[in-house]
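Under the numbering used here, residue 1851 is the last one in the sequence shown; the count climbs by one each step, no gaps. All residues carry an ideal CB built from backbone N, CA and C; glycine is no exception. All of these numbers come straight from a predicted model, not from anything done at the bench. Read the structure below first, then the notes.
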Amino acid sequence: MSSRGPGGMLRPRPEDDMEEVRRPPDRKLRKLLPYFAPYKGRAILTVLLMLVVTATGLAGPALAQVAIDHGIRAGDEGTVLLAVILFVGAGLVGLVAGYWQSYMSSWVGERVLLDLRTALFRHMMRLELGYHERVPTGRSVSRLTSDIEALDSLVTEGATSLIINGLTFVGVVVILFAYDWQLAAMAFAIFPLLALGTGAFRVTSARAYRRTREKVADVLSVLQETLSGMKVVQGYGRQEPARQSFRRANDEYREANMATIRLSGLYFPGIELLSGVGLLLILWFGSNRVLDGEISIGVMVAFIGYLSSFFDPIQQLSQLYSTFQSAMAALEKILGVLETEPTLTDAPDAVDLPQMRGEITLTGVSFGYRPDRPVIHELDLHIAAGESVALVGATGAGKSTLAKLIARFYDPQSGVVAIDGHDLRAVTQSSLRAQLAIVPQEGHLFAGTLRDNLAFGCTGEVTDQRLVDALEAVGGEDLLAGLPEGLDTPITERGSGLSAGQRQLVAFARALAADPRLLILDEATSSVDVRTEQRIEQAMEALLPGRTSVLIAHRLSTIRKSDRIVVLEQGRIVEQGSHDVLMELGGRYAGLYGDWEKATTGWATETA
Ligand SMILES: Nc1ncnc2c1ncn2[C@@H]1O[C@H](COP(=O)(O)OP(=O)(O)O)[C@@H](O)[C@H]1O
Ligand SMILES: [Mg+2]
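Encoded structure:
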């Protein structure tokens, strides 16, 4: 086995809270470059088209200058005509180039984002269960949706706007200084004011936009909580408070939005005003210079023409700033996920676990979800191949945790979990998981057909017969008979449309169809009614022989039938043996059993 550090949980993982990691935008954007690589040709073409768009946009006032100075004033009709033709030509070229440029930039952008989203999803699939238990589902969903959207507006429109407006701005400055540096200097005298205003706008609007993002997240979380808890909300008649808190979150969101609108309402007319002042300066000093014979009328007209091409880009770029900000925040979070290394990876020299006999050995296993709070202490347990072992103990004793360690959803911090003598850290996860099946308390069903759900854990060719057999073996023939569409019955999200008991039957059949060597049932029957449970129990007699099984159950009948009972208390084994032996011992198990019996008979007499 390869040497490795302590279990992954010991490592600090600040990246789970991705907001905290900050790095300069260029370092983030560089991480995005590999996603552009497959589309390099088209990306370059897009940039070239942007150059054409910018150049044609800048041509107008210069052509007007030529037409006025060398055509009209020189009385040369040919030059005027030529300038007009060039003007129209530039307009047409600009139009066509503009169309292709926006088509191409969206083409590239959408593909890059699709690839990124796919890579992100694939990475999330690689992250261990521990990650998904730590990070709320809503947060992972927003990485894949709203954060990608935020990047979308940058990659498609933002990049275009940045390049074209940036080039236009630089172009105008260069052209104007080339015409007449004194008039240009005068026109740009308002620049410091402009820069100051824009800077202030940038800072305050970034703050305001951050607030709107926080507020919209609040709205979403109220929504998600209320909608997913609808049964409880309506059951307790809490619609009104829910309405109110939704209303409140919405109000705050609206208020935050209004703040950004007020800022824009100040800034953009402010720019207009400055642009008016600029025009005034050009008219005033420009006409003086024309009268003095320092510049031609054409140059002055060109100055007026270019002035709007000078202010527009500044407005556009400052608008872009908020897009850029939110895209950078989103990129940070996306990278945070992508850079979270899975802690449960296959060792480089991992081997496939051979056909499992099913002997499980835990030696000196200690584990805690957090290193400072151990849940399992120095635990030794040997389960022979084919044995069925029931884990019992109070809630929080560590039964589920032990099951998760056996399935290697977590690695122990010390000690070894082995199957057939193979340390689980030295075998490939796929070969391990292919040979075991877990039925949790609520077997999750997925949207799809009944067939899809039953075949979920199967490898290789799956015949309908195998699935029907599995369903019948767990006593689900009534269920199947009640569904007119049979295996083709669509199962909606989370299996709504089926009762909890029916869903659990499907989960059992799914496990059986996979024909695992090792079966782990974690309170699998605790959500079904007594009759269903009895049928499942009968079915389990057919299910268990020949397989190793770890059963976590609250019900006596299940426990009594297992070969051995292991009693856990606060992460330690306190008793183990057969039912009879433990009863005779008169210890913890006998105590638990007494409580159960009392509860069951109490219940029985009450309902009788
Ligand atoms: N995902 C988790 N993250 C942090 N602590 C957990 C997690 N799951 C369980 N625990 C803690 O571990 C202890 C054992 O839990 P568990 O194994 O689920 O107990 P049982 O299944 O016996 O009821 C409990 O104290 C519980 O709070
Ligand atoms: Mg549990």
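In angstroms, rounded to a whole number, what distance separates the CA positions of residue i and residue j?
i: I1269; j: S1488; result: The amino acid at residue 1269 is misidentified as Ile; the sequence shows Asp. Answer to the nearest angstrom: the Cα atoms are 40 Å apart.
i: T1732; j: Q1777; result: 26 Å
i: G1409; j: Q1568; result: 17 Å
i: M1543; j: N1531; result: 10 Å
i: V1416; j: Y1510; result: 22 Å
i: R1365; j: V1290; result: 31 Å
i: Q1425; j: L1523; result: 15 Å
i: S1348; j: L1794; result: 57 Å
i: G1744; j: L1624; result: 32 Å
i: S1246; j: T1588; result: Bear in mind that a pLDDT of 33 at S1246, under 50, signals an unreliable position, so the number given afterwards is only what the model happens to contain. Cα-Cα distance, rounded: 13 Å.
i: M1429; j: F1528; result: 8 Å
i: L1596; j: G1639; result: 31 Å
i: F1546; j: R1456; result: 41 Å
i: L1338; j: A1307; result: 19 Å
i: A1572; j: R1651; result: 34 Å
i: T1469; j: A1690; result: 22 Å
i: E1285; j: Q1747; result: It is Arg, not Glu, that sits at residue 1285 in the sequence shown. Roughly 52 Å separates the two Cα atoms.
i: Q1781; j: I1802; result: 13 Å
i: R1360; j: E1515; result: 40 Å
i: P1512; j: L1301; result: 24 Å
i: D1423; j: K1576; result: 49 Å
i: S1539; j: L1526; result: 13 Å
Comparing C-alpha positions only, which one of the options sits nearest to residue i?
i: G1686; options: L1730, I1287, L1697; result: L1697
i: T1768; options: L1761, G1321, I1779; result: I1779
i: S1389; options: T1692, V1413, L1463; result: L1463
i: A1785; options: A1713, K1841, Q1747; result: A1713
i: Q1344; options: M1293, I1328, L1394, T1361; result: M1293
i: G1601; options: I1662, I1504, L1648, T1583; result: I1662
i: A1796; options: S1770, S1821, P1788, A1782; result: S1770
i: R1799; options: E1812, M1783, L1835; result: Checking the displayed sequence, the identity of residue 1799 turns out to be Leu instead of Arg. Ranking the options by Cα distance to L1799, first place goes to L1835.
i: S1792; options: I1763, Q1819, K1804, G1814; result: I1763
i: W1350; options: T1399, L1394, S1383, E1827; result: T1399
i: R1896; options: D1707, A1724, P1727; result: Coverage of the chain is limited to positions 1244 through 1851, which leaves residue 1896 absent and any answer about it impossible.
i: G1541; options: G1508, T1583, V1309; result: V1309
Below 7 Å CB to CB, which residues in the same chain sit around residue i once its five sequence neighbours on both sides are set aside?
i: P1759; result: Q1678, L1679, A1680, R1790
Assuming the contact rule is C-beta atoms closer than 8 Å, residue i and residue j should be a hit. Round their C-beta distance to whole Å, please.
i: R1694; j: L1730; result: 4 Å
i: V1336; j: V1295; result: 7 Å
i: A1451; j: A1499; result: 7 Å
i: Y1278; j: D1358; result: 5 Å
i: G1641; j: V1618; result: 5 Å
i: T1606; j: G1401; result: No, T1606 and G1401 are not in contact; Cβ-Cβ is about 57 Å, not under 8 Å.
i: G1303; j: A1333; result: 7 Å
i: L1828; j: I1808; result: About 11 Å; that fails the 8 Å criterion.
i: L1563; j: L1405; result: 6 Å
i: I1433; j: G1548; result: The pair is not a contact, with the Cβ atoms about 17 Å apart (cut-off 8 Å).
i: L1581; j: K1271; result: Actually they do not touch by this definition, with Cβ atoms about 11 Å apart.
Note down, in chain order, each residue of its chain lying with its Cβ closer than 8 Å to the Cβ of residue i, except the 5 sequence neighbours on either side.
i: R1709; result: C1701, A1756
i: D1806; result: E1630, S1631, V1632, S1821
Taking the continuous beta strand (DSSP E) assigned at residue i, which residues delimit it?
i: V1810; result: 1807 to 1812
i: E1818; result: 1815 to 1820
i: D1623; result: 1619 to 1626
i: L1679; result: 1679 to 1682
i: D1390; result: Note, D1390: premise wrong, no beta strand (DSSP E); alpha helix (DSSP H) at 1389 to 1396.
i: T1791; result: 1791 to 1795
i: F1610; result: 1603 to 1610
i: S1631; result: 1631 to 1635
Quick one: residues in its chain with C-beta nearer than 6 Å to the C-beta of residue i, no 5 flanking neighbours on either side, listed in chain order?
i: T1297; result: I1407, L1410, T1411
i: V1817; result: V1810, R1831
i: A1847; result: For A1847, the predicted structure reports a pLDDT of 45, less than 50, and the residue's modelled location is therefore unreliable. A value from the coordinates is still provided. Contacts found: none.
i: A1750; result: V1682, G1686
i: R1254; result: Here the model assigns R1254 a pLDDT of 33, short of 50, so the residue's position is not dependable, and the following value carries that caveat. Closer than 6 Å at the Cβ level, and outside the excluded window around R1254, lies no residue.
i: R1256; result: Legend: pLDDT at R1256 = 38, less than 50; position of this residue unreliable, no value from coordinates given.
i: A1502; result: A1451
i: P1556; result: N1408, T1411, F1412
i: F1699; result: R1753
i: M1244; result: Reliability of the predicted coordinates at M1244 is poor, the pLDDT of 34 falling under 50, and the value obtained from them is presented with this limitation in mind. The answer, listed in chain order, is D1666, A1669.
i: Q1482; result: none
i: A1833; result: M1826
What residue range does the alpha helix (DSSP H) around residue i cover?
i: T1441; result: 1434 to 1471
i: G1548; result: 1540 to 1581
i: T1503; result: 1482 to 1534
i: G1744; result: 1743 to 1756
i: F1852; result: What the structure shows of the chain is the stretch from 1244 to 1851, and residue 1852 is not part of that stretch, so it cannot be assessed.
i: A1307; result: 1283 to 1309
i: D1765; result: Premise fails: D1765 lies in the beta strand (DSSP E), 1761 to 1765, not in any alpha helix (DSSP H).
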